[in-house]
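**Student:** Okay, here's the structure, questions in a sec.
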Amino acid sequence: MSGGVFMSGMLSSPRTLFGATQSADALAAGGGAQNIIIDTDPGVDDAFALLLAMRSSELKVVAVTAVAGNVPLSLTLPNALRLVEIAGRQDIPVAGGASSPLIRKLVTAAYAHGNNGLAGVEFPPARLQPVKEPASDLICRMVRENARNICIVGIGPLTNIALALRQDPEIGSMVSSIVLMGGSLSGGNVTPAAEFNFYVDPEAASIVFSSGIPIRMVGLDVTRKVQLTARHVQALQAGKGRVSEAAARIAEAVMKMHRGADSERGPNLHDPLAVSSLIRPDILIFEDYQIEIETTGSITAGESVGWKHGPARHSAPMETAGVTEGPNDFLFRANAKVATGVDSEKFFELLISRLTTDGI
Ligand code: RIB
Ligand code: CA
4 MSGGVFMSGM
14 LSSPRTLFGA
24 TQSADALAAG
34 GGAQNIIIDT
44 DPGVDDAFAL
54 LLAMRSSELK
64 VVAVTAVAGN
74 VPLSLTLPNA
84 LRLVEIAGRQ
94 DIPVAGGASS
104 PLIRKLVTAA
114 YAHGNNGLAG
124 VEFPPARLQP
134 VKEPASDLIC
144 RMVRENARNI
154 CIVGIGPLTN
164 IALALRQDPE
174 IGSMVSSIVL
184 MGGSLSGGNV
194 TPAAEFNFYV
204 DPEAASIVFS
214 SGIPIRMVGL
224 DVTRKVQLTA
234 RHVQALQAGK
244 GRVSEAAARI
254 AEAVMKMHRG
264 ADSERGPNLH
274 DPLAVSSLIR
284 PDILIFEDYQ
294 IEIETTGSIT
304 AGESVGWKHG
314 PARHSAPMET
324 AGVTEGPNDF
334 LFRANAKVAT
344 GVDSEKFFEL
354 LISRLTTDGI
């Protein structure tokens, strides 16, 4: 794939670069790093996303909150603590959150992330302890303390964020934005309709997309274009320091897990792509959509349905009697910017350089 070329996802060609470079503008104007809370279910790709964020001066990770998803919370929380410690960032509070979705049974993904969530790579238990504050309390408190100056990065099922919005609806007007890895306008990865994070907790995703908070959705349309390869593993192995070593161990292990030891190509790096868009906004191209989450389908629950323009309409009404004049349209209102184009080369350039630069 040639460098600098935007790869459209499975959608129409990209149109405009999303109102750009909030963090870059902030830095340029001496505005300093962007405050972010990362809500995560580590998770192999979550691990890369966390390490990238903690190694990027454009971002100030003010908290990490763990949620059940790829593996149970009993693993995602200790994995989050380990990764914060590996990055030498014991200054970052880590809170435990929801151990199950809002109303559904937890479905995990050990098949993709290994039984321990980190492709079976064993790191010593962290000395760092989680804070006592539950994730949703911490999110509400920190958002109120940094009103309009905190971005929530959701890279797992959105249960913690939905709980926070339920607990304190007013924070909906105080969160500056949500950048999330989730959803798809071109088919799911768990069912033909649903991407994993929205599949696990469709109700939570629906609450987040109805919150009115500015959302950037980084879905499978673009994350399918950033696949880990043996070349990336070699670059990580050549890096110096604990972060590069840990990333290399996880990368090597997941390559073996996914496609056998001799494979050149591994899993998609969904979550770090979402984080990268905060560091280098030119990596992704976004387009305005109205996104609604299917929550009642017995086959399609978790599907992110997108309208690019009106008329927006739902399924035919269930009333048995009578005829409804025309479809039941409702007002089109874009509620998200959806990533539709990606410069994969720029993404890997950023990811590998940040994880391998000398440091801790
Ligand atoms: O569908 C990919 C998403 O589900 C990623 O966040 C991955 O970590 C899993 O949680
Ligand atoms: Ca994840």
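If you read the sequence shown in the numbering used here, its first letter stands for residue 4, the second for the next number, and so on.
Note that the Cβ used here is the ideal one computed from N, Cα and C, for glycine as well.
1) Tell me residue 43's beta-bridge partners as DSSP assigns them.
2) With 16 as the cutoff for other CB atoms within 10 Å, does residue 114 come out buried or exposed?
3) With which residues is residue 183 paired in a DSSP beta bridge?
4) Threshold first: 4 residues or longer. Then list the alpha helix (DSSP H) segments lying entirely within the segment 200 to 270, N to C.
5) Sort 90, 268, 71 and 65 by Cα distance to residue 51 and report the nearest one.
6) Assign residue 50 to one of three DSSP states: helix, strand, or coil.
7) How far does the beta strand (DSSP E) with residue 293 in it extend, from its first residue to its last?
8) Touching or not, the segment 126 to 142 and the segment 94 to 113, by the rule of three or more beta carbon pairs under 8 Å?
9) Using the three-state DSSP reduction, which class does residue 343 fall into: helix, strand or coil?
10) Can you tell me the Cα-Cα spacing of residue 166 and residue 146, whole angstroms?
11) Just tell me which of 357, 77 and 274 has its CA closest to the CA of residue 159.
12) For residue 335, which residues from the same chain have a beta carbon less than 8 Å from its beta carbon, with the 5 sequence-adjacent residues on both sides left out?
13) Over what stretch of residues does the alpha helix (DSSP H) that includes residue 74 continue unbroken?
14) Determine the direct distance from the alpha carbon of residue 41 to that of residue 54, and round the result to whole angstroms.
15) Return yes when at least one heavy atom of ligand 2 lies under 8 Å from the C-beta of residue 271, else no.
16) Check whether the Cβ of residue 39 sits closer than 8 Å to any heavy atom of ligand 2, and report yes or no.
17) Mapping the DSSP letters down to three states, classify residue 167 as helix, strand or coil.
18) Using the three-state DSSP reduction, which class does residue 99 fall into: helix, strand or coil?
19) Among the candidates 43, 48, 352 and 37, whose CA atom is the shortest distance from the CA of residue 269?
20) Measure from the alpha carbon of residue 108 to the alpha carbon of each residue in 205, 339, 346 and 295, then state which is nearest.
21) Using beta carbons (cut-off 9 Å, strictly below), is residue 277 in contact with chain C?
22) Could you tell me if residue 215 is buried or exposed, where buried requires 16 or more neighbouring beta carbons within 10 angstroms of its beta carbon?
23) So is residue 15 buried or exposed if we call it buried at 16+ other beta carbons inside 10 Å?
24) I need the straight-line Cα distance from residue 66 to residue 118, nearest angstrom please.
25) Taking only the alpha-carbon atoms, compute the straight-line gap between residue 78 and residue 35 and give it to the nearest angstrom.
26) Locate the beta strand (DSSP E) running through residue 308, then write down its first and last residues.
27) Closer than 8 Å: is that where the CB of residue 253 sits relative to any heavy atom of ligand 2?
28) Would you kindly work out how many angstroms separate the C-alpha atoms of residue 288 and residue 347, rounded to a whole number?
29) State buried or exposed for residue 363, treating a residue as buried only when at least 16 other CB atoms are found within 10 Å of its CB.
30) From the DSSP output, which residues share a beta bridge with residue 62?
31) Figure out for me which residue from 248, 227, 198 and 175 has the closest Cα to the Cα of residue 149.
32) Flag this pair as yes or no: are the beta carbons of residue 71 and residue 101 separated by less than 9 Å?
33) Where in the segment 99 to 139 do unbroken runs of the alpha helix (DSSP H), each at least 4 residues long, occur, reported from the N-terminal end onward?
**Tutor:** For this structure:
1) 69
2) exposed
3) 157 and 220
4) 205 to 212, 223 to 226, 233 to 240 and 244 to 262
5) 90
6) If DSSP states are grouped into helix, strand and coil, residue 50 belongs with the helices.
7) 287 to 296
8) yes
9) In the structure shown, residue 343 sits in a strand (DSSP, three-state: E or B).
10) 14 Å
11) 274
12) 293, 310, 312, 313, 314 and 315
13) No alpha helix (DSSP H) holds residue 74; DSSP gives it neither H nor E.
14) 11 Å
15) The beta carbon of residue 271 sits no closer than 8 Å to any heavy atom of ligand 2.
16) no
17) helix
18) strand
19) 48
20) Checking every option, the nearest Cα to that of residue 108 belongs to 205.
21) Of the chains in the structure shown, none is chain C; there is only one protein chain.
22) exposed
23) Because residue 15 sits at a pLDDT of 42, beneath the cut-off of 50, its placement in the model cannot be relied upon, and the following sentence gives the value as read from the coordinates. When all chains shown are included, residue 15 counts as exposed.
24) 25 Å
25) Between residue 78 and residue 35, the alpha-carbon positions lie close to 34 Å from each other.
26) In this chain, the beta strand (DSSP E) harbouring residue 308 covers 307 to 310.
27) Relative to the non-hydrogen atoms of ligand 2, the Cβ of residue 253 never comes closer than 8 Å to any of them.
28) C-alpha separation (whole angstroms): 12 Å.
29) Here the model assigns residue 363 a pLDDT of 49, short of 50, so the residue's position is not dependable, and the following value carries that caveat. The residue is exposed, with fewer than 16 neighbouring Cβ atoms inside 10 Å.
30) 37
31) 175
32) yes
33) With a minimum length of 4 residues, the continuous alpha helix (DSSP H) runs that stay inside the segment 99 to 139 are 113 to 116.
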